[in-house]
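Residue numbers (the numbering used here), protein chains in the order written: chain U, 3 to 183; chain R, 1146 to 1357.
Cβ coordinates follow ideal geometry from the N, Cα and C atoms, glycine included.
The structure appears below as structure tokens.
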Amino acid sequence: MREREDEWTGLMRSAISGDDAAYHRLLRAVTPVLRAAARRGLTRAGQPPDQSEDIVQDILLAVHLKRHTWDANAPFAPWLFAIARNKLIDALRRRGRRVFVNIDDFAETLPGEPAAETVPSSEVAAQLQSLPARQRDVLQSIAVDSASIQDTAKKLAMSEGAVRVALHRGLASLTAKLRGQ
Amino acid sequence: METDQLIRTLAADNAHRARPVGFALALALLLAAPVSIALFMAELGVRPDVMTAMRNPFFDLKFVVTLALAIPAIAISLHLSRPEASLRGWAWLLLIPIGLLVAGIGGEMMMPQRPPMMKRLIGSNAWNCLTWIPLMALPLLAAALLGLRHGAPTRPATVGAIAGLLSAGLAATLYASHCTDDSPLFVATWYTIATAFVAAIGALAGPKVLRF
């Protein structure tokens, strides 16, 4: 446990000093832990745990966009878990309200019918479609087509700098849309 | 989108560096300050006898108290913009202005010639104080909340209230140079009510504005 968290702190320090690979490794390393926590939270709230992936992605986006609030002299895990906890509570509150309303409707009007609402397996993917074209294309290219920044720039006839700007703005507006839904 | 794809995308954006929260807060406050100062110049202005007043320690104490509220509140709001931070070890900073006021009230009690207590407490600007401190604080509060949005506060109501304290502290610093009531009793009563009002607005706005 302790060792793992020290490793995270080290990876995050490298990430902040510009090591993209370390950042990638860190995000991959924390994801199963976040997933387990999200599943536990959903189960405890009486929700199907298979919806955990939306929460995991929500947490990862917040970690990414708020990483400047991490103090490089402090351990990384308490910071990460504070963000994760905040996002999980948020997500459960949102879902809890939605589901509660559904159960009421269901009991009053449609006895015996299966619940109509299915939570989308990925809210991020859905919100991606509502982004401005340029941001969407850049995110699409890097996320789905696994292209590098350089290849994306060539493909979309943009400068690398413009791709970087669109990428960051796209991630920020994705997060804003997820928050607003 | 698969989580692996999202992770790869986030890693590709690793080069992006956000400014520290302190920078965002300072910038926001600097942009809003002219609004509050313009309001002050247009409607209140510095009291005409300011040169004499400055020789009165109770006049000077007003600025010490209001800044002793604003500066710790700024520090606490920045501390709480880290998600794992708590108030523990920081809340006592907010006792500094209270301690200064208590000391001021005690000091005034020992003055040989002083107006009656109720007269000092009620003063002649109570209503002005209750109106203008919140009015001049509001632009600063809005700015502080926008600046603090750049952080990741997990106690948004508390941070909102602290933003209220810092903006009321700054507004009260301006107001203090206009007001002719210098008694610490007056300050402890009316400035405090005005400040509590602004803090309450901040606490209500915090959960809405500071979600991330």
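**Item:** Helix, strand or coil at R:R1162 according to DSSP, with G and I counted as helix
**Value:** Residue state for R:R1162 is assigned as coil, using DSSP reduced to three classes.
**Request:** Determine the chain U residues that contact R:Q1150 at a beta-carbon separation under 7 angstroms, and present them in chain order.
**Result:** Neighbours of R:Q1150 on chain U, chain order: A145 and V146.
**Asked** Are the beta-carbon atoms of R:P1284 and R:L1184 separated by less than 9 angstroms?
**Response** It is a contact, given that the beta carbons lie within the stated cut-off.
**Message:** DSSP three-state label for R:T1148, please.
**Reply:** Note: R:T1148 maps to helix in three-state DSSP.
**Item:** Beta-carbon spacing of R:R1300, R:S1231 below 9 angstroms
**Value:** Cβ atoms of R:R1300 and R:S1231: closer than 9 angstroms.
**Request:** Please state if the CB of R:S1222 and the CB of R:L1293 are separated by a distance shorter than 9 angstroms.
**Result:** For R:L1293 and R:S1222, yes; Cβs fall inside 9 angstroms.
**Message:** Would R:A1171 and R:T1318 be called neighbours here (beta carbons separated by less than 9 angstroms)?
**Reply:** Against a cut-off of 9 angstroms, the Cβ pair of R:T1318 and R:A1171 comes out as no contact.
**Asked** For U:V58, which of U:K157, U:G172, U:H170 and U:L29 has the nearest alpha-carbon?
**Response** With distances taken between Cα atoms, U:V58 lies closest to U:L29.
**Message:** Does chain U have any CB closer than 9 angstroms to the CB of R:A1297?
**Reply:** So yes, R:A1297 belongs to the interface.
**Message:** Can you list, in chain order, the residues of its chain with a C-beta nearer than 6 angstroms to that of R:T1154? Leave out the 5 residues immediately preceding and following it.
**Reply:** Result list for R:T1154: empty, nothing under 6 angstroms.
**Request:** Return the residues of the region 66-82 of chain U that lie within a Cβ-Cβ distance of less than 7 angstroms from chain R, sorted by chain order.
**Result:** Residues H66, K68, H70, T71, D73, P80 and W81.
**Asked** Looking at the C-beta of U:E7, does it have a partner C-beta in chain R at a distance below 9 angstroms?
**Response** For U:E7, the answer is no, since every Cβ of chain R falls outside 9 angstroms of its Cβ.
**Message:** Assuming contact is defined by CB atoms lying nearer than 9 angstroms, are R:G1357 and R:P1298 in contact in what I supplied?
**Reply:** Looking at the sequence provided, one finds Phe at residue 1357 of chain R rather than Gly. Against a cut-off of 9 angstroms, the Cβ pair of R:P1298 and R:F1357 comes out as a contact.
**Item:** Cβ neighbour criterion (16 or more within 10 Å) applied to U:T45
**Value:** Exposed is the call here.
**Request:** Mind the definition here: the region 69-81 of chain U touches the region 8-22 of chain U only if three or more C-beta pairs lie below 8 angstroms; say whether that holds.
**Result:** Segments in contact, yes.
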